[in-house]
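Student: Dumping the structure here so I can ask a few things about it.
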Amino acid sequence: MPHPTLLDIGVTAYTHQAEVDELRQRLNIPHNYFDCWLYGFLENKKFNIEEAVSKIRRREAFEREQIAQHTMTDWMLQNMRKGIAQIIGNDKEGRVVLYVVTARDKPTASRRAECKMNFDMILSYGTRLRADSKRCQMVMLINQEKASLWSNVDMTFQADIALRIAKFFPGAVDKMYICNMNRTLAAVAKPIFSRLPAIVSDRIIIISDSELKAGRLLEYFDESVLPVALGGSNDCDHQENYTQFSVAIKEHFEQMKCAVLRGLSVKEWELACLFPHGLPEDLKSVSERLDNLSNSALLPNNTLIDSLWSHCYASTDNSICSESLDVVTCDTIDMDCFCAARLVGEKCVGAELPPVGRSLSVGKRDFIDDYVEQFVLLESFFRGSIAETAEREWLSILQREVLARSTLSDAEQNMGKNTALFRRLPVPLRLIARGCLWLALMVMSFYFLIGSVFGTLFLSCFMNFLFFSMFIEPYKAFPYGCALLVTGCHCALFCSRGIELARRTYNGELVDAFRFIGPRALLMQALACVAALIAFFVVFCVMASQYDVVSGIQYSMATGWIVAVCIILLYHFLYAFGVTGYYKSLRKESAAVATLYFFLDVDMDANQTTMRGTATIEVTMASIVAMAAFAFGLSYVLDGSIFFLCATVTTTFLIGLFVVLFLNTGRASSTDGLLTVVAFYSGLTWLTIVFTTAAHGWQGRWGTSLGALLALALVTDTVVLLYTFLPVRNRVARRWMFRALWMWIIAQFIAFLALAFISDYRLGVITIILGVHLMLHGMRVGGGCSNYGLSIVVFIFLSALLFCIVGGWSTAQSVYKTPASTWLLPNYTWHGGNTPVTGVSLPQSLSFLPVCLVRFSSTVDIVGMALFAKLSDAGSLDVTLADLHRWFPNFRYVYNDTFLPLSFLQTKIFTSSLKGHNTTIVTLGTTGQMYPVMESMTIWINVVALSLLALITPSGWFVQLVSLISAADELSALLWNSSIDRARDILSAYVKSIVSPTHDVYFVGHGLAGAAAAFFVSDLPENVHSVTFASPLSAVAWRRGHNWMSDELSSRVLSVVSSSSLFSLRWMWGGLSYMIPCNLSEGECHNIDSMARLLDALCGLNTKSDGN
């Protein structure tokens, strides 16, 4: 049946009776007297049975190896007689009170070992099993009055003791009340307390001077227990009390040590001292049963009992010398006395008790006496059964009460279950109110989700920029890599906060940020959601009346997700300052303890002081993925296949995903976490080496940079592996190795940060701001990165990076090595009139004529412009001349240029002169160098990634938001940026030298090269035009600081785009784009070959009729 022992701790503890029972079964403990003690281990291990069993085994080893070796020295006795600590009674909950006066202590480093032994003795004495309480807990009442930080406080010892409590005495110190703490001591102690394990730090209560004067301690202690110095009446500060306490501790420890040496555990010995004659349920004394009989209401008087027993013999064993009472008859009860066993040394001897009543002869008893005797016995058993049933029902009621209280607590924090929100409304309005609230919650949840996606996309684009910035110059991998890691951490945390807000709002749960309001927090959150819904509806009405319904929806939704982003940013910022409500990170305890190992000379945990025999599953998986990343990267360096590069990137990001997922589980030790983090660090280093080798090789300064990066990675990996697996069991040596390892990692971060300031002070400022916020987040929260948020960030960033890699590879592959005129429109030669169509000009054609009727010269139409764009991809001069002579015999080749050694742009210039009218066509295309083209895809990715939000955002707002990304370009000059600058300068000078009223100039290109061509036209004379194919017109303009293409360019720029594109949104391609139908796949429709064929098929009849 359920046992009420756990109720000594509280009803909440009793709800875990099932786990305690299972733990007792695992430990083969047949009774319930250790339930409260076992509960402390379960609570410490988050009620994980296996881990609790392991922790108890470590406690048993601690008793055998340490407590059994402790010795009470003269210094320890003398120190206890100073009155530093003494037990003054029990608090109102029945816990032993240990009163500590800090000012009386004069700690020295040489006596720390003796102080720890003394504390073990005092703690074992204060948490022993007692007849009146089995909770095995104590509270510490610490008086810091007149205590000096320098002479009375040893922070290292206090931190070590706190960790000792968490490891070997979990739950033993239930509360620590610290009074009269001065400001200097508080400034030092509070950071230490915050780094302690939660089982210790959550139980520390600092009583301020005002609270002490107001008598707050009287809420926890009786006045007779509370010392006079703290507002009570207990005059305990006398030398005889100190001496008596030291004697009690000494005697208790000596007996406990003897028992441990005999093979008993501490708790088994305490139980034997508490019940020397055996456990009550195993040894029911006859006198207790007789008392039950004497209280029977069926007996006329107590004298009848004297006639129930006869003379018996004395027994020397531990059992009652009668048979089971449920078959008792007048013939079987024949005893004169009772005997009890008591423990003397190692022998059990009998202690004869005086007779209970006079002896009567059985023959003298008549039938009535026998009947009454048996009837009374049966009545006593019925009473016991009823009492047992009542106790069982009482415990069952307590269990139901706990569940009911938990249900009510959940309802108070859930809008769907809380009835108090609508209690004052009339019954007919309650359903309407619930419906409005549900609608508001769904709308806000949607906006939080959209805001999270937008913020993640924005930060992922910025991370993409930082990634490619690592390869612009030698040694740039260090500062930009540091900024990339810090930004990635913030991106994951931001997305986690957004997903958390979206999930809680959707479920109607209370957001942690509202908890500080108090009982009305749920109501305030509900009112905020409803008010936001009303505000969004007002925005819709105003904008719909001013523009149209679609614009009203866009403005309303844009307002919603922008507000959501601001809320998420604010929540993310405040999260690092403890605005987390009841959120507890599973990683906080291990990270906090690791911090104490670094700063203080505390004893390190077992997983820090012993050599690792085998790696855990987390370390094994991360190592396997890291080895796969290394193999794929090496294959790419040797083979050059794009598959191996994509595999290297994917496996590297999988390592990062595994690292955070493993750390979030809370099962990995600090050493395991360090190993997995180093595996991720090694993967990123190897990915950087692979990209740098592909882009620049090992020549010159690039080789030196890669050598330094590889050396840092190898040294870090070597130091971590030595620390983890080197058989050094000395605690001091391991502690200093631990410190040296972290000092090495911190030194790298400081060096990278210094390089960031040297490269660009703005990059350094951004990195240090984000790093400080991240450090505060780790110190105060210790976690907060959810698995969903991390997975979304990894997926988005990985997709963006793979888009750049695959897009750059496919674009570079478009460069052809043999003449294309043999298979692409081989019969194309336009034979139109010698002049353009009469009365038709470019601006007029864009206004009301099909694109097929546009003439750019007497011999070039829209199909010809598509073929000129194809000519820009020719890989050699011979191929270019062959295609030019077949497609455009009237044009001659002028020259080509790639502007820079590593440029994604190349230009070719062709000119024609007919009847005194000159036409020059400047083609812009991409080079065959994969890395520069790959880097240029960062222009595309911004447009593609953020295009998802175009439908719910007005075009003007969206362009202004997207243009914010261009601010990142000021932190680094990517290769594509310098390529555009160089091409713009050269081409502007050339065009201005030839342009005239009789000389037309056209810039032609497709893809990003076409976007660059449209951008160049904006600074050239008016008779310079641009024709682009499948080009995001404003992509380059945004990244160059221009918000939008000018309206004046509508007569000078023609953009042709296929209409089957998934992202065929007008804003992305530009308002000047002309859509043509396409039934092919998206990639094929954007291909210049496909577009030339489509235009030829659409415009073939028109060109032929015009030619005739």
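With my numbering, letter number 393 in the sequence shown gets 391, and the count goes up by one each step, no holes. Note that CB positions come from ideal geometry on N, CA and C, so glycine has one too. Model, not experiment: these values are computed from the prediction.
#1: Are the beta-carbon atoms of T127 and K265 separated by less than 9 Å?
#2: Once you ignore the five residues that flank F801 on each side, which residues in its own chain have a CB closer than 6 Å to its CB?
#3: Classify R699 as buried or exposed, calling it buried when 16 or more other Cβ atoms lie within 10 Å of its own Cβ.
#4: With contact counted as at least three CB pairs below 8 Å, one residue from each stretch, are the region 534 to 544 and the region 427 to 436 in contact?
#5: Note down the Cα distance separating L985 from M461, rounded to an integer number of angstroms.
#6: With 16 as the cutoff for other CB atoms within 10 Å, does F1013 come out buried or exposed?
#7: Once you ignore the five residues that flank V600 on each side, which residues in its own chain have a CB closer than 6 Å to its CB?
#8: Could you give the residue range of the beta strand (DSSP E) that holds Q84?
#9: Pick helix, strand or coil for C34, following the three-state DSSP scheme.
#10: Straight-line CA distance for I978 to L1006?
#11: Report buried or exposed for G762, applying the criterion of at least 16 other Cβ atoms within 10 angstroms of its Cβ.
#12: Specify, as a first and last residue, the run of the alpha helix (DSSP H) that Y988 falls within.
#13: At 3 residues or longer, and completely inside the region 509 to 567: list those beta strand (DSSP E) runs for me, N to C.
#14: Leaving out five residues on either side along the sequence, give the residues of the same chain with a beta carbon under 7 Å from the beta carbon of V509.
#15: Count the other C-beta atoms from every protein chain shown that fall within 10 angstroms of the C-beta of L259, then say buried if there are 16 or more, exposed otherwise.
#16: Which term fits A709, buried or exposed, when burial requires 16 or more other beta carbons within 10 angstroms of its beta carbon?
#17: Is the Cβ-Cβ distance between F534 and M555 less than 9 Å?
#18: What separation, rounded to the nearest whole angstrom, lies between the Cα atoms of M609 and L724?
#19: In whole angstroms, give me the CA-to-CA distance for T100 and Q237.
#20: Ordered along the chain, which non-local residues of its own chain (more than five positions away) have a Cβ less than 8 Å from that of E61?
#21: For the pair the region 80 to 96 and the region 225 to 239, tell me if three or more CB-CB distances fall below 8 Å.
#22: Going along the chain, which residues of its own chain have a beta-carbon closer than 6 Å to the beta-carbon of K1102, five neighbours each way excluded?
#23: Which stretch, first to last residue, makes up the beta strand (DSSP E) that contains V999?
#24: Are there three or more Cβ pairs, one per stretch, closer than 8 Å when the region 66 to 80 is compared with the region 220 to 228?
#25: Under a Cβ-count criterion, where at least 16 other Cβ atoms within 10 Å of its own Cβ denotes burial, should S639 be classed as buried or exposed?
#26: If you follow the alpha helix (DSSP H) that V717 is in, where does it begin and where does it stop?
#27: According to DSSP, is H1023 helix, strand or coil?
#28: In whole angstroms, what separates the C-alpha of L1096 from that of P1075?
#29: Rounding to the nearest angstrom, what Cα-Cα distance links A943 and I163 in this structure?
#30: Using the Cα positions of T387 and E58, report the straight-line distance between them to the nearest angstrom.
#31: Taking its Cβ as the centre, do 16 or more other Cβ atoms sit within 10 Å of P477, making it buried, or is it exposed?
#32: Can you give me the start and stop residues for the beta strand (DSSP E) that H915 sits inside?
#33: Provide the residue(s) that pair with T909 in DSSP beta bridges, ordered along the chain.
#34: Looking only at its own chain, which residues have a Cβ that is under 7 Å from the Cβ of S294, when we skip the five neighbours before and after it?
#35: In the DSSP output, what is Q904 paired with across the bridge?
#36: Using a threshold of 9 Å, state whether the C-beta atoms of F155 and R102 are closer than that.
Tutor: In brief:
#1: Before going on, a small fix: residue 127 reads as Leu here, not Thr. Cβ atoms of L127 and K265: closer than 9 Å.
#2: I939
#3: That one is exposed.
#4: no
#5: 32 Å
#6: buried
#7: The pLDDT assigned to V600 is 49, lower than 50, so where the model puts this residue is not dependable; a value taken from the coordinates is nonetheless given after this. Close CB contacts of V600 within its chain, under the 6 Å cut and outside five residues either way in sequence, are with A157, D158, L161 and L594 (chain order).
#8: That run of the beta strand (DSSP E) goes A83 to N88.
#9: helix
#10: 11 Å
#11: buried
#12: L973 to I992
#13: none
#14: L499, R502 and Q523
#15: Label assigned to L259: exposed.
#16: exposed
#17: The answer is yes: Cβ separation under 9 Å.
#18: The predicted position of M609 is uncertain, since its pLDDT is 40 and thus under 50; no value can be drawn from it.
#19: 16 Å
#20: V258, S263 and V264
#21: yes
#22: Here K1102 scores only 44 on pLDDT, less than 50, and its place in the model should not be relied on; the value that follows carries that caveat. Nothing meets the Cβ criterion.
#23: H997 to H1004
#24: Look at the beta carbons and you see the region 66 to 80 not touching the region 220 to 228: under three pairs across the two are nearer than 8 Å.
#25: Only exposed fits S639, as fewer than 16 other CB atoms lie within 10 angstroms of its CB.
#26: G698 to F723
#27: strand
#28: Distance between the alpha carbons of L1096 and P1075 is about 9 Å.
#29: 52 Å
#30: 37 Å
#31: buried
#32: H915 to T924
#33: R890 and T918
#34: Any reading at S294 needs caution, since the residue's pLDDT is 44, under 50, leaving its predicted position unreliable; the model's value is listed next. Apart from the 5 residues on each side of it in sequence, S294 sits with its Cβ closer than 7 Å to the Cβ of V374, E377 and S378 in its chain, given in chain order.
#35: G923
#36: no
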